[in-house]
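Sequential numbering from 2 applies to the sequence shown in the numbering used here.
Some notes on the structure that comes next.
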Amino acid sequence: MPSPILLTDDPAVAARFVRDGQIAAFPTETVYGLGADALDARAVAQVFAAKGRPGDNPLIVHLADVAEVERVAARVPDVAARLLAAFAPGPLTLVLPRGERVPSVVSAGLATVGVRIPSHPVALAFLRACGRPVAAPSANRSGRPSPTTWEAVQADLGGRIPCILRGGRSRAGLESTVVDATEDPPLVLRAGAVSLEALRTVAPNIRLAGALEDARRRSPGTRHRHYAPRARVVLGVPSPIPPGAVYLGLIAPENAAQYAEVRVYPSAEAYARDLFAAFREADAAGATLIACEPVAPVGIGLALMDRIRRAAEG
Ligand code: TXA
Ligand code: MG
Numbered sequence: 002m003p004s005p006i007l008l009t010d011d012p013a014v015a016a017r018f019v020r021d022g023q024i025a026a027f028p029t030e031t032v033y034g035l036g037a038d039a040l041d042a043r044a045v046a047q048v049f050a051a052k053g054r055p056g057d058n059p060l061i062v063h064l065a066d067v068a069e070v071e072r073v074a075a076r077v078p079d080v081a082a083r084l085l086a087a088f089a090p091g092p093l094t095l096v097l098p099r100g101e102r103v104p105s106v107v108s109a110g111l112a113t114v115g116v117r118i119p120s121h122p123v124a125l126a127f128l129r130a131c132g133r134p135v136a137a138p139s140a141n142r143s144g145r146p147s148p149t150t151w152e153a154v155q156a157d158l159g160g161r162i163p164c165i166l167r168g169g170r171s172r173a174g175l176e177s178t179v180v181d182a183t184e185d186p187p188l189v190l191r192a193g194a195v196s197l198e199a200l201r202t203v204a205p206n207i208r209l210a211g212a213l214e215d216a217r218r219r220s221p222g223t224r225h226r227h228y229a230p231r232a233r234v235v236l237g238v239p240s241p242i243p244p245g246a247v248y249l250g251l252i253a254p255e256n257a258a259q260y261a262e263v264r265v266y267p268s269a270e271a272y273a274r275d276l277f278a279a280f281r282e283a284d285a286a287g288a289t290l291i292a293c294e295p296v297a298p299v300g301i302g303l304a305l306m307d308r309i310r311r312a313a314e315g
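This is the structure:
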């Protein structure tokens with residue numbers, strides 16, 4: 002891997018790496034992604050290597066325009082077309098039958114492909130300049146929290162990737178909602194920035210992959226350790242509160258003075274936006290434990306609770 006890393010604010014400069022068969026990190030409205038030419042199996046292999054990502058975890062293919070979905074999917078079922086019309090561009094990933102142009106390594110050998118059109122203007126400028134579908138997972142080392150700033154990308158992947166396209170902090174802070182739309186009713190494989198309630202306005206019969214086995218079979222990524230800071234994550238308030246603990250929540254805790262840091266958010270959206278950054282900053286400060294107040298699993302709260310639970314399992 003070339004180093005030092007090139008930091009740029011110019012989407013065309015970052016796109017040149019992808020056009021040359023290399024990889025580049027870029028901002029999106031959910032989290033930062035690490036992109037490669039999705040039609041080039043050798044470029045895609047560099048993404049897996051830089052992240053240390055298991056080869057059985059498929060990547061999402063990012064497009065600049067909804068009209069391009071038909072170039073990477075073999076078929077766009079009715080319900081998928083309706084979801085695209087309602088939520089693309091935006092933080093929704095649709096799993097569709099994989100088109101034959103997309104190498105199987107992108108999808109970890111599955112017959113499907115995850116497709117997303119981001120809404121972030123810098124992401125769209127980058128994708129347009131790439132001029133091809135871009136396969137991109139979140140731009141973190143495998144197992145770490147997704148990066149919501151370019152600095153977090155640099156901390157994880159500096160020296161392992163040649164370029165970061167800088168944007169501001171990601172607005173959602175949690176990843177896209179992944180929906181298997183190969184069948185009707187569609188199945189939510191990963192809760193995310195598009196809420197279940199919003200999806201139901203378009204696909205009233207959509208279901209959540211409830212049984213863990215169901216989710217594991219259909220979204221291989223959910224099998225792997227995820228989102229974990231080095232500090233231990235607990236749901237709710239620990240007792241006793243150990244030295245060096247951090248608290249995150251919507252309401253100030255009792256015994257606030259016993260925490261090394263307390264972050265109280267005005268909304269679940271603000272909590273979600275900051276969660277991964279808070280994890281990383283707690284690690285940098287040497288925190289021992291991160292206490293996360295649970296929120297109601299509605300709206301963004303469903304995805305927020307999913308990420309907190311996974312981090313706590315780690
Ligand atoms: O918001 C996001 O989705 C970000 C930005 C960069 O777009 N990307 C992201 O990618 O979070 P990643 O690789 O960290 O997570 C992708 C998830 C994984 O759980 C993976 O298993 C699932 O999507 N996925 C991708 N393609 C799939 C497919 N064909 N079938 C089932 N699940 C798939
Ligand atoms: Mg990820």
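Note that beta-carbon positions come from the ideal geometry of N, C-alpha and C, so glycine has one too.
Subject >> Coarse secondary structure for residue 24, derived from DSSP in three states >> reply: coil
**OP:** Find out if the Cβ-Cβ distance for the pair residue 251, residue 272 is shorter than 8 Å.
**Re:** Against a cut-off of 8 Å, the Cβ pair of residue 272 and residue 251 comes out as a contact.
Original post:
Residues bridged to residue 9 by DSSP?
Top reply: DSSP output for residue 9 lists 166 as bridge partner(s).
**OP:** Kindly provide the chain-ordered list of residues whose Cβ lies closer than 6 Å to any non-hydrogen atom of the ligand MG.
**Re:** 138, 139, 147
Subject >> Integer-rounded CB distance, given that residue 97 should sit under 8 Å from residue 81 >> reply: 6 Å
Original post:
Since residue 148 contacts residue 33 with CB under 8 Å, what's their CB separation in whole angstroms?
Top reply: Rounded to whole angstroms, the Cβ separation of residue 148 and residue 33 is 5 Å, and the two are in contact under 8 Å.
Subject >> Where residue 302 sits in the DSSP three-state scheme >> reply: Residue 302 falls in the helix class under three-state DSSP.
Original post:
Is residue 24 near the ligand TXA, with its Cβ less than 7 Å from a heavy atom?
Top reply: no
**OP:** Name the one or two DSSP bridge partners that residue 113 has.
**Re:** 98
**OP:** Pull up the CB-CB distance for residue 35 and residue 90, whole angstroms please, since I reckon it's below 8 Å.
**Re:** That pair is no contact at about 20 Å.
Subject >> Start and end residues, alpha helix (DSSP H) containing residue 272 >> reply: Counted as a single uninterrupted DSSP element, the alpha helix (DSSP H) harbouring residue 272 occupies residues 269 to 285.
**OP:** For residue 31, verify whether its CB is less than 7 Å away from any heavy atom of the ligand TXA.
**Re:** Yes, Cβ of residue 31 sits closer than 7 Å to a heavy atom of the ligand TXA.
**OP:** Within the same chain, show all residues whose beta-carbon is closer than 6 Å to that of residue 85, passing over the 5 residues directly before and after it, in chain order.
**Re:** 67
Subject >> Collapsed DSSP secondary structure at residue 171 in the structure displayed >> reply: coil
Original post:
Taking all protein chains shown into account, do 16 or more other C-beta atoms lie within 10 angstroms of the C-beta of residue 115, making it buried, or fewer, making it exposed?
Top reply: The Cβ neighbour count for residue 115, taken over all protein chains shown within 10 Å, is at least 16; the residue is labelled buried.
Subject >> Residues near residue 214 by beta carbon distance below 8 Å, same chain, minus five either side >> reply: With a pLDDT of only 47 at residue 214, under the threshold of 50, the placement of this residue in the model should not be trusted, and no figure is reported.
Subject >> Neighbourhood of residue 141 by C-beta distance below 6 Å, restricted to the same chain and skipping five residues each side >> reply: Excluding positions up to five away in sequence, the list reads 147, 148, 157.
Original post:
Shortest alpha-carbon distance to residue 310 belongs to which of 131, 228, 268?
Top reply: 228
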